[in-house]
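S.K.:
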Amino acid sequence: MPTTFTRYRDDLEHKVDNEDEIVASILASMSRANEAVAAKHRHGVRDAHAKSHGILAGELRVHANAPAPYRQGLFAEPATYPVIVRLSTAPGDLRSDDLGAPRGMAIKVIGVPGERALNDDAITQDFLLVNDDHLPFGTLDKYLEFQKVLEAQPAMTDTEIRNATRKGKAIGAVLTALHRPLPVPVELATVTHNNDILGETFNSLAALRHGDYVAKISAAPLTRALRARTGKPIPKGESALQQVVADYFRHQDGEYSIRAQLCTDPAIMPIEDATVAWPEALSPHVSVATLHLPAQNTYSDARRVFADDTLSFSPWHALAAHRPLGAIMRSRARAYPSSSDFRHGYNQVAAREPRDIGELPD
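Residue numbers (our numbering): 1 to 362.
#1: Given a threshold of 16 other Cβ atoms within 10 Å of its Cβ, counted over all protein chains shown, does L178 qualify as buried or as exposed?
#2: DSSP state of N195, grouped into three classes?
#3: Note down, in chain order, each residue of its chain lying with its Cβ closer than 7 Å to the Cβ of M1, except the 5 sequence neighbours on either side.
#4: What are the start and end residues of each continuous beta strand (DSSP E) run of 3 or more residues lying completely inside the stretch 166-219, in chain order?
#5: Rounded to the nearest angstrom, how far is the Cβ of S204 from that of H63, given a contact under 8 Å?
#6: Buried or exposed: T139, going by 16 or more other Cβ atoms within 10 Å of its Cβ?
#7: Applying the 10 Å Cβ sphere with the 16-neighbour rule, what's the burial state of G358?
#8: Using only alpha-carbon positions, find the residue among V214, A289 and I197 that is nearest to W278.
#9: Report back the beta-carbon spacing between G172 and V186 to the nearest angstrom; my notes put them in contact at under 8 Å.
#10: For S96, tell me which candidate among A106, G111, F75 and A50 has the shortest Cα-Cα distance.
#11: Tell me which residues share the same chain as T176 and place their Cβ nearer than 8 Å to its Cβ, disregarding the 5 neighbours each side in the sequence.
#12: Within 10 angstroms of the Cβ of H14, are there 16 or more other Cβ atoms? Answer buried if so, exposed if not.
#13: Is the beta carbon of A106 less than 8 Å from the beta carbon of F342?
#14: Work out the CA separation of A24 and A335 for me, nearest whole Å.
#15: Which residues does DSSP pair with I258 in a beta bridge?
#16: Based on Cα-Cα distance, which residue from V109, D17, N131 and T310 lies nearest to G73?
#17: Quick one: what does DSSP say Q243 is sitting in, helix, strand or coil?
#18: CB N194 to CB I234, shorter than 8 Å?
#19: Is DSSP giving D126 helix, strand or coil here?
#20: On a CA-only basis, which of T290, A79, A38 and D126 is nearest L222? Give me that one, please.
#21: Look up I110 in the DSSP assignment and say whether it is helix, strand or coil.
#22: Drop a sphere of 10 angstroms on the beta-carbon of T124, count the other beta-carbons inside from all chains shown, and report buried for 16 or more, exposed for fewer.
#23: Count the other C-beta atoms from every protein chain shown that fall within 10 angstroms of the C-beta of T201, then say buried if there are 16 or more, exposed otherwise.
#24: I need the straight-line Cα distance from D253 to R355, nearest angstrom please.
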């Protein structure tokens with residue numbers, strides 16, 4: 001294990017010259033896509049990870065024996081916190097699970113004391129994780145290109161998206177063999193996932209402050225029954241993942257290891273470029289807590305409505321000790337409230353940040 005880690009400093013972040021203009025263009029594109037999807041479904045949904053597959057209540061059990069550099073912020077002292085977990089798929093539209101797309105795990109830890117990253121009067125810490133080890137569109141300029149591709153998708157059918165994905169993969173294979181860079185629409189086509197969501201390992205992709213240090217956070221299946229699902233294909237079906245999650249948790253519990261990967265060298269493990277996976281050879285993932293999810297009904301109507309229409313998940317629902325870092329995370333400080341405001345306004349539902357796990361319906 002490395003003996004030296006990068007100390008957190010304010011000057012680890014570096015804004016690009018035209019960052020505000022690029023972020024404004026991203027937000028404008030997101031807004032147009034939000035409006036198109038809401039008009040199609042007559043209901044406002046998230047601009048990303050619109051489709052949920054399960055909403056779970058559980059506990060985050062912070063370990064007492066993690067190495068000292070990893071015991072920071074929320075993970076500084078052994079404790080148990082209630083959590084709400086939402087499993088989802090990446091697109092900002094409600095598509096068939098057969099299409100395949102990145103999957104997400106959003107964890108909302110409740111009852112967290114301490115200085116806030118933003119003055120939001122909340123007592124929650126959110127971790128937004130995706131089943132990849134890097135963000136292919138992890139710089140602002142590439143993310144703007146990516147968002148423009150997403151903006152065109154609400155008008156497309158599932159069949160049209162499936163055909164575009166198939167074509168993009170074929171083009172991508174040729175360009176990769178020729179060692180040529182992939183255009184954003186082609187690269188997007190290569191980012192598909194069709195495996196059982198419960199066996200996936202999820203990562204924050206972008207960096208977070210980790211108290212005195214800088215880290216990425218991940219969740220890896222711990223329970224043997226969950227690990228056995230890693231790499232297993234999902235059944236065919238419009239909402240196959242919802243059924244997979246519901247069937248598993250109907251009669252058994254599951255646990256994930258919550259891990260921190262500390263930065264050792266910002267030149268190799270960059271903070272401003274989320275396209276780069278941090279090498280485990282330089283810094284392994286170290287378990288700092290266990291996410292325990294008991295057997296439960298994961299998709300009741302009341303629970304789904306509460307999670308999809310009332311709740312918001314954001315990396316900026318955070319302690320100052322886990323403040324999001326880098327350009328993509330800075331853009332999310334503006335993008336997530338904008339999307340949330342539109343969704344709640346369109347649906348005429350008041351947003352609420354929970355203060356007690358009892359607010360989650362059964």
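All residues carry an ideal CB built from backbone N, CA and C; glycine is no exception.
M.R.: Walking through what the data contain:
#1: Exposed is the call here.
#2: Of the three classes helix, strand and coil, the one that applies to N195 here is strand, per DSSP.
#3: Any reading at M1 needs caution, since the residue's pLDDT is 47, under 50, leaving its predicted position unreliable; the model's value is listed next. For M1, where only same-chain residues beyond five positions count, the Cβ hits under 7 Å are P284.
#4: Taking only runs of at least 3 residues, the beta strand (DSSP E) segments lying wholly in the stretch 166-219 are 208-210.
#5: Incorrect: roughly 19 Å between the Cβ atoms, too far for contact.
#6: So T139 counts as buried.
#7: Exposed, since its Cβ has fewer than 16 Cβ neighbours within 10 Å.
#8: In terms of Cα proximity to W278, the closest of V214, A289 and I197 is V214.
#9: Going by Cβ atoms, the distance from G172 to V186 rounds to 5 Å, so yes, they are a contact pair.
#10: Nearest C-alpha to S96 among A106, G111, F75 and A50: A50.
#11: Its chain contains L182 as the residues whose beta carbon lies nearer than 8 Å to that of T176, once the 5 sequence neighbours on both sides are disregarded; these appear in chain order.
#12: A residue is called buried once 16 or more other Cβ atoms fall within 10 Å of its Cβ, and H14, having fewer, is exposed.
#13: Taking 8 Å as the cut-off, the beta carbon of A106 is found no closer than this to the beta carbon of F342.
#14: Taking the straight line from one Cα to the other gives about 9 Å.
#15: By DSSP's assignment, I258 forms a beta bridge with A219 and A289.
#16: Among V109, D17, N131 and T310, the Cα nearest to that of G73 belongs to V109.
#17: Shown here, Q243 sits in a helix according to DSSP, grouped into three states.
#18: Taking 8 Å as the Cβ cut-off, N194 and I234 qualify as a contacting pair.
#19: Strand, per DSSP.
#20: L222 has its Cα closest to that of T290, out of T290, A79, A38 and D126.
#21: Residue state, collapsed to three classes: strand.
#22: The residue is buried, with at least 16 neighbouring Cβ atoms inside 10 Å.
#23: If you draw a 10 Å sphere on the C-beta of T201, you find 16 or more other C-beta atoms in it, and that means buried.
#24: Taking the straight line from one Cα to the other gives about 24 Å.
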